[in-house]
């Protein structure tokens, strides 16, 4: 639309956004090689997790390791495979709202049951 | 509001003018995935709450086969890799490779689900059902919900393959593939949590 | 008439419908305005049904030791009354307003996903009908709208299975609608309409969609767990196998509390639109009103345990949530002060919409005050499970939300139906309603503090509760009469055929009043460019040197559409696939209850529906 450009000067902030400029990621896509590399890291982490569960480490330490490794795997998939690292931050906001909300609310529920004091 | 079209002259999908410049469907998908965190969160919370509270067996240590389930986990992780390779092919407008990787993803997904079905059947034979105890209740419902999500994902993957084969996807099919991919990766990510919480974190010995 | 000028996509399975008029077009419509009307008609019908259920309750309780209904019947009636009013009236009526108005208010032609919008409506209808079919299939839900386990999970009548499945179905409708409207607001605003130039009604709508999107999954899990306990003997809430009924309470109220904000925020939005128009002044403190709405949304997720003070969680939990509950009163208070400041010094016109809006604020304040007493744990220990609570939530939900919805009906009636509802009857109807309402629920504060227990089908004469119960029941029939008057008003207005003199009968402030009454299918001839909040107002009026309003000669509404109106505007074509897909859901639900074969059929219908939906051509061939 040619009206497009005259509006742009009038309108502040969001006005009329052009998907070609903001919708596409600004950083280059990871290549197939990089994706496979991430896949390898995920496989290694999974192996580490399984090893940890057999390792006989003290309970608290084992759980910490397992959670940390899961969190790293989760982040790798979300940031690279799901492209959040390269995409508009608004997608992350929508998702994080749900993720953080869920973590906080359910942690409170479990605390009220004194699950962690067992 | 633009929807996907197969007409060769039509340009790439994201042509609709939106206030944010972001496509409607992608925004919707991320909001949906955010809401799914609350769904699976509630199921996982239920599982964690009742961990170790079963009054009769079988207990997790009686039935779990960690090596077996680890293989399942690798399978699902691999399917995320093939998914992302399908997207890469789609971005290059390579429909043939795209379908190949989509089929690979679907196949790995079916292997995962098949593995779960086998596992469930095995547990059932060991005496664990939905109603046996809290472990049976929470385990089958949590992993069952996840399995249903994977199955829906497989159906979507196969639909993409079918639509691509019958020329119903645009020349640049990256967008619908990306959308299905987001759902698929999310399902994988939920499994990452379930695998740790349910299988790997040691369960308290029975009271 | 809008024309389809985009080349058709390769054909789908069957021909896509084209007609947008006639009876059949209502089944295939994807126009947000028609869908809004469908929601409105259906919701109002359920309002009447829920009201009749309330009359049975009040007739039964008017005097002690009555047996108009027995205990088992009473339990079903009060449960269905609550479920109907919350899930089948207030929520869908709010959806009616959101659907009709949000695209118009943001200068869009439709919502982000029009067919998904239709799907949401049909699924809602299916859920409501499914829930009500329970009356004929062994008994309606009887465990209260909150369905506490283990009562709800062990009750041998099928009612609570209908409850679980029925709410799962309506939950799907609301979830789909939430994502649709949230994306619409974020993504489909007219050029220049930044988030802080949106009407407050749209902001409240946005907050509500997020509340729905994040709270519904929680009750979904709760309902599945209840369904599994009932149908497949799982142990989720079975204490004999180690299950804990408190888990149900947590999961239910994690949804249930945001739910009450879902119920009230639309009305807050409506009030925020009406007060400025009828005070001929801009809304005072727009940003505060918006931010307080967002704050209520957030904090609303952090107060749920105040429904569980007496559940035995202990002093730490109770105190923490007592504090968060007190805190949430603050943003609510902010809104009320801003509304009052809007009216102060304004040129007030008490047309019926304004009467209802002011009435809603007043009644909500009363309900809010009793709510504040609930937040304090020791006083709540006395009030919980008594009629004091019934008073509280009816003041905020009926007095606040329902009055707000009535305000909206009177205000936007001309936009939708091209006529104003009768003012004379309107005013009489309002006063009768507010008097009847206070007669019904005011005494319940007293009854509660005197020890009248909730959810009991009768009470003994010796308790001395008779007088106020009689007053309350009389009030209920006055309410019924005033609602009847509303219906009379609607019928008479339709028969009168008195057209509007102008498409802007209230001299309003927001974009929806720029369109025709009713709007063309494509809403706006040209999408407006927005330069400020209250854009329409500023197109009509400028201020002279002394700050007085001066009418701008040719700045206002769109010119009447000529013969070439809508040319080149292509709207998406109607579709029947959303309706087809929607039918799959209750089929699956009946299947879960009666026959696996039906589950298969329902799943097939769902898959066929979605396939047809995905493959149909983008415009009719």
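Chains as they are written, first to last, in the working numbering: chain A, 1 to 118; chain B, 1001 to 1207; chain C, 2001 to 2621.
Cβ coordinates follow ideal geometry from the N, Cα and C atoms, glycine included.
Nearest-angstrom Cα separation, counted from residue j out to residue i
i	j	result
residue 1161 of chain B	residue 1089 of chain B	13 Å
residue 2505 of chain C	residue 2496 of chain C	17 Å
residue 2553 of chain C	residue 2059 of chain C	58 Å
residue 2259 of chain C	residue 2544 of chain C	46 Å
residue 1078 of chain B	residue 1147 of chain B	17 Å
residue 24 of chain A	residue 1029 of chain B	Residue placement at residue 24 of chain A is flagged as unreliable, the pLDDT there being 47, under the threshold of 50; the coordinate-derived value follows with that caveat. Roughly 16 Å separates the two Cα atoms.
residue 106 of chain A	residue 98 of chain A	12 Å
residue 2289 of chain C	residue 2203 of chain C	10 Å
residue 2264 of chain C	residue 2109 of chain C	27 Å
residue 2602 of chain C	residue 2593 of chain C	13 Å
residue 2421 of chain C	residue 1048 of chain B	56 Å
residue 1189 of chain B	residue 64 of chain A	18 Å
residue 2022 of chain C	residue 2413 of chain C	21 Å
residue 2279 of chain C	residue 2347 of chain C	5 Å
residue 2455 of chain C	residue 2611 of chain C	46 Å
residue 2125 of chain C	residue 2571 of chain C	25 Å
Option in the options with minimal Cα separation from residue i
i	options	result
residue 2446 of chain C	C:2392, C:2432, C:2404	C:2392
residue 2433 of chain C	C:2465, C:2120, C:2475	C:2475
residue 1073 of chain B	B:1202, B:1197, B:1191, B:1203	B:1191
residue 2256 of chain C	C:2499, C:2308, C:2033, C:2294	C:2308
residue 2075 of chain C	C:2275, C:2143, C:2154, C:2129	C:2143
residue 2532 of chain C	C:2196, C:2037, C:2019	C:2196
residue 2093 of chain C	C:2070, C:2131, C:2175, C:2037	C:2037
residue 2127 of chain C	C:2042, C:2179, C:2112	C:2042
residue 1071 of chain B	B:1099, B:1093, B:1119	B:1119
residue 1020 of chain B	A:89, A:80, A:33	A:89
residue 1024 of chain B	C:2033, C:2116, C:2148, C:2023	C:2116
residue 50 of chain A	A:38, A:66, A:78	A:66
residue 1045 of chain B	B:1202, B:1201, B:1197, B:1203	B:1197
residue 2161 of chain C	C:2176, C:2140, C:2192	C:2140
residue 2362 of chain C	C:2351, C:2304, C:2397	C:2397
residue 1064 of chain B	B:1164, B:1123, B:1176, B:1150	B:1123
residue 33 of chain A	B:1039, B:1037, B:1084	B:1084
residue 2549 of chain C	C:2468, C:2185, C:2587, C:2282	C:2282
residue 2360 of chain C	C:2061, C:2148, C:2394	C:2394
Contacting residues, own chain, Cβ-Cβ under 8 Å from residue i (five flanking each side not counted)
i	result
residue 91 of chain A	84
Residue range of the beta strand (DSSP E) that includes residue i
i	result
residue 2550 of chain C	2549 to 2551
residue 2543 of chain C	2541 to 2543
Chain-order list of residues whose beta-carbon lies under 7 Å from that of residue i (same chain, five-residue window excluded)
i	result
residue 2609 of chain C	2577, 2580, 2581, 2584
residue 2084 of chain C	2046, 2049, 2050, 2053
residue 1174 of chain B	1087, 1090, 1091
residue 1053 of chain B	1134
Close Cβ partners of residue i (< 6 Å) along its chain, the five nearest in sequence each way excluded
i	result
residue 2017 of chain C	2028, 2574
residue 1129 of chain B	1136
residue 2331 of chain C	2292, 2295, 2296
residue 2165 of chain C	2589
residue 1026 of chain B	none
residue 1056 of chain B	1133
Host alpha helix (DSSP H) of residue i (start-end)
i	result
residue 2352 of chain C	2352 to 2375
residue 2135 of chain C	Neither: residue 2135 of chain C is in no alpha helix (DSSP H) and is coded neither H nor E.
residue 2443 of chain C	2423 to 2449
residue 2302 of chain C	Here residue 2302 of chain C belongs to no alpha helix (DSSP H), and DSSP marks it neither H nor E.
residue 2342 of chain C	2315 to 2343
residue 2269 of chain C	2245 to 2279
residue 1178 of chain B	1174 to 1194
residue 1994 of chain C	With chain C running from 2001 to 2621 in the structure shown, residue 1994 of chain C is simply not present.
residue 1097 of chain B	1095 to 1125
residue 2146 of chain C	Here residue 2146 of chain C belongs to no alpha helix (DSSP H), and DSSP marks it neither H nor E.
Handout entry: Validate contact between the segment 2207 to 2221 of chain C and the segment 2171 to 2185 of chain C using beta carbons, cut 8 Å, 3 pairs
Key = yes
Problem - Sufficient close CB pairs (3 or more, under 8 Å) joining the segment 2221 to 2229 of chain C to the segment 2245 to 2263 of chain C - result: Here the segment 2221 to 2229 of chain C lies against the segment 2245 to 2263 of chain C, with 3 or more beta-carbon pairs under 8 Å apart.
Exercise for the section: Evaluate the contact criterion for the segment 2318 to 2338 of chain C versus the segment 2394 to 2408 of chain C: three or more CB pairs, one atom per stretch, below 8 Å. Expected result: no
Problem - Any 3 or more C-beta pairs closer than 8 Å across the segment 2449 to 2459 of chain C and the segment 2514 to 2524 of chain C - result: no
Exercise for the section: Check whether the segment 2150 to 2159 of chain C touches the segment 2226 to 2240 of chain C, counting contact only when three or more Cβ pairs, one atom from each stretch, lie closer than 8 Å. Expected result: yes
Practice task
Decide yes or no for the touch test of the segment 2276 to 2290 of chain C against the segment 2175 to 2185 of chain C: beta carbon pairs closer than 8 Å, at least 3 of them.
Solution key: no
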